[in-house]
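Positions 7 to 452 (my numbering) are the ones given, in order, by the sequence shown.
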Amino acid sequence: MPPTPTTPADPGEPRIRDRGDACPGALRLHAADDGRLARLRVPAGLLTSHQLMVLADAAERLGDGAVSITSRGNVELRGLADGCGAELAGLLRESGLLPSDTHERVRNVVASPLAGLDGLGCGDVQLWARELDALLCANGWAARLSGRFLFALDDGRGDVAGLGADVTLLAEAGGSAVLRVGAAAFRVRAADAARAALAAAGAFLEAASDTGAWRVRELPTDREPALGAHLERAGVPAETRPPDPGVRDTIDAVRAGPLPGIVKGPGGWSLSVAAPLGRLGVAQLRDLLPAPGGEVRLTPWRGVVVPGFGSRDAAGARLGRLADAGFVTDAGSPWYGVGACTGRPGCAKSLADVRADATAGARAGTAARHGGPPVYWSGCERRCGRPHGAYLDVVATADGTYRVTEPFSGTGTGTTSTSTSAAAQTSATATDPTDTRAQDRTSTTK
């Protein structure tokens, strides 16, 4: 019997599992109610103009005409027909999106999306991401990692360091980085960052042997990864360092990541936009296309960063066109900070068409409150794709209502109400999340 996990389970999901990892990939397609689903890992969210065009073509010819950006900055294609797997894999290989058949599901790497663009970071985490991806694909043992194991490469601003990754690298001024795995933290040279992250993954696999754990937080208390020993074995000089209290494992009641709009940096201007409910149609994907040879960066907040503008006027003109195309380009938009799982009809487990209801809420202007926590709609208690940290939790129930809890962070605490109305669901909980008097107060609206 697997050892007891150290922490409570996330809602609807056990910490320790006695089955294999069935996480979808680009080659292992998942059979959903709306067709086959492919999940493509995009390390650091980086896509070239050619790769973006390939994804648009694949969605149009093989899928439902759209792509979804996940909470890890990866891509999902839905509505795929039976028997299209070989053609899809060929398209992805040709474009460089599938560098390894054996390791494609373990390439889960998030990185600070504005690294190198706004002058605020301490390290080139995009370089780390490329090196780490190559190391993962080059080491056969790394294919044993779960498709849910996550690396976070933070350039020092503390954005992706708050996403609860299994292995986190936080860049520091002076050419060093802090490596965090669970409660352990070591300082390493920035030049060794990618090798240190790989060694940390090896330490986890050794500790997780025979436990059924897929994530570091699922390890039993007597299975702490031997991080120092693995760093030494990998030839990575390191010094023990206490965890930085300034970097949190959760993001409490704030929206993290780049705000929508124009981003100025020392080398030019960039754009930050968000995809409504994380979905982009084929036409929108093509609207995003940078100049040939350019790139875009998908974010873990279901947004896109488009770098490479030589003037603010050029960036502003492009931002206006993206707004016309349906992108979220301003933090005041009712769509900003609103997310949803797939829901009906695509998911058999869902109790409601949450995307339609979230859309109704956004159009009514009630789906989010400016400056408040993110709002996430879930079709069942699994809450697939939910944000990390505190958020307004809207969950469909079997009796046809929504249970709304604010703020929610997986602890079961917060203000709870029930409403049948999509437009009224947030007004039922329109309390100040900082008002402690609202905690544990329950109301029901039928």
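We treat Cβ as the ideally placed atom computed from N, Cα and C, and that holds for glycine.
Pull the bridge partners of residue i from the DSSP assignment, please.
{"i": "E301", "result": "T54"}
{"i": "V310", "result": "V279 and L304"}
{"i": "D399", "result": "Y382 and T411"}
{"i": "H36", "result": "L43"}
{"i": "K270", "result": "W275"}
{"i": "T246", "result": "F192"}
{"i": "S74", "result": "E82 and R285"}
{"i": "F315", "result": "W275"}
{"i": "V166", "result": "Its beta-bridge partners do not exist; DSSP assigns none."}
{"i": "V334", "result": "A280"}
Quick one: what does DSSP say residue i is sitting in, helix, strand or coil?
{"i": "G284", "result": "helix"}
{"i": "E230", "result": "coil"}
{"i": "R254", "result": "For R254, the predicted structure reports a pLDDT of 46, less than 50, and the residue's modelled location is therefore unreliable. A value from the coordinates is still provided. Coil."}
{"i": "F155", "result": "coil"}
{"i": "D160", "result": "strand"}
{"i": "A370", "result": "coil"}
{"i": "L176", "result": "strand"}
{"i": "V116", "result": "strand"}
{"i": "L185", "result": "strand"}
{"i": "E387", "result": "coil"}
{"i": "G345", "result": "strand"}
{"i": "D27", "result": "coil"}
{"i": "D124", "result": "coil"}
{"i": "V48", "result": "coil"}
{"i": "G406", "result": "coil"}
{"i": "S493", "result": "With the chain running from 7 to 452 in the structure shown, residue 493 is simply not present."}
{"i": "G96", "result": "helix"}
{"i": "L225", "result": "coil"}
{"i": "T147", "result": "Reading off the sequence, residue 147 comes out as Trp, not Thr. Note: W147 maps to helix in three-state DSSP."}
{"i": "G241", "result": "coil"}
{"i": "G326", "result": "helix"}
{"i": "A206", "result": "helix"}
{"i": "D453", "result": "Any question about residue 453 goes unanswered here, given that the chain covers just 7 to 452."}
{"i": "V88", "result": "Position check: residue 88 holds Asp in this sequence, whereas Val was assumed. Of the three classes helix, strand and coil, the one that applies to D88 here is coil, per DSSP."}
{"i": "A354", "result": "coil"}
Taking C-beta to C-beta, are residue i and residue j nearer than 7 Å?
{"i": "G42", "j": "L33", "result": "Strictly speaking, residue 42 in this sequence is Arg, with Gly absent from that position. No."}
{"i": "A213", "j": "L225", "result": "yes"}
{"i": "A50", "j": "A183", "result": "no"}
{"i": "A368", "j": "V334", "result": "no"}
{"i": "L233", "j": "A206", "result": "yes"}
{"i": "G371", "j": "P340", "result": "yes"}
{"i": "A191", "j": "R247", "result": "yes"}
{"i": "C143", "j": "S106", "result": "yes"}
{"i": "V48", "j": "N80", "result": "yes"}
{"i": "G271", "j": "D165", "result": "no"}
{"i": "A64", "j": "L104", "result": "no"}
{"i": "V401", "j": "R409", "result": "yes"}
{"i": "A337", "j": "D293", "result": "no"}
{"i": "A209", "j": "L141", "result": "no"}
{"i": "D27", "j": "G153", "result": "yes"}
{"i": "R239", "j": "D172", "result": "no"}
{"i": "G218", "j": "A196", "result": "no"}
{"i": "L123", "j": "S276", "result": "yes"}
{"i": "G284", "j": "S74", "result": "yes"}
{"i": "L68", "j": "L94", "result": "yes"}
{"i": "G274", "j": "G316", "result": "yes"}
{"i": "A158", "j": "H109", "result": "no"}
{"i": "A121", "j": "D70", "result": "no"}
{"i": "L211", "j": "L58", "result": "no"}
{"i": "P379", "j": "A396", "result": "yes"}
{"i": "D399", "j": "T411", "result": "yes"}
{"i": "L138", "j": "R163", "result": "no"}
{"i": "G300", "j": "S55", "result": "yes"}
{"i": "A167", "j": "L185", "result": "no"}
Please identify the residue among the options whose C-alpha is closest to the C-alpha of residue i.
{"i": "T76", "options": "A64, V115 and E100", "result": "V115"}
{"i": "A297", "options": "L53, G271 and V112", "result": "L53"}
{"i": "P119", "options": "G284, T305 and L328", "result": "T305"}
{"i": "R193", "options": "W147, A167, L237 and L151", "result": "L237"}
{"i": "G322", "options": "V269, G352, R303 and E301", "result": "V269"}
{"i": "P30", "options": "A364, P231, L83 and R318", "result": "L83"}
{"i": "A366", "options": "P282, P393 and R223", "result": "P282"}
Inset, instruction - Report yes or no: do the stretch 128-135 and the stretch 176-183 share at least 3 C-beta pairs separated by less than 8 Å? - result: Contact holds: three or more Cβ-Cβ distances are below 8 Å.
Contact the stretch 81-97 vs the stretch 40-55: 3+ CB pairs below 8 Å: Using a Cβ-Cβ distance cut-off of 8 Å, the stretch 81-97 and the stretch 40-55 are in contact, since at least three pairs of beta carbons, one from each stretch, lie closer than that value.
* Asked: Are at least three pairs of beta-carbons, each pair with one atom in the stretch 346-362 and one in the stretch 312-320, less than 8 Å apart?
  -> Taking 8 Å as the limit for Cβ pairs, the verdict is that the stretch 312-320 does not touch the stretch 346-362.
With a threshold of 8 Å, are at least 3 pairs of Cβ atoms found where one atom belongs to the stretch 271-290 and the other to the stretch 229-246? The answer is no - the stretch 229-246 does not touch the stretch 271-290, with fewer than three Cβ pairs under 8 Å.
- Message: If contact is defined by three or more beta carbon pairs under 8 Å, each pair taking one atom from either stretch, is the stretch 335-355 in contact with the stretch 380-390?
- Response: Between the stretch 380-390 and the stretch 335-355, the count of C-beta pairs closer than 8 Å reaches three or more; the two stretches touch.
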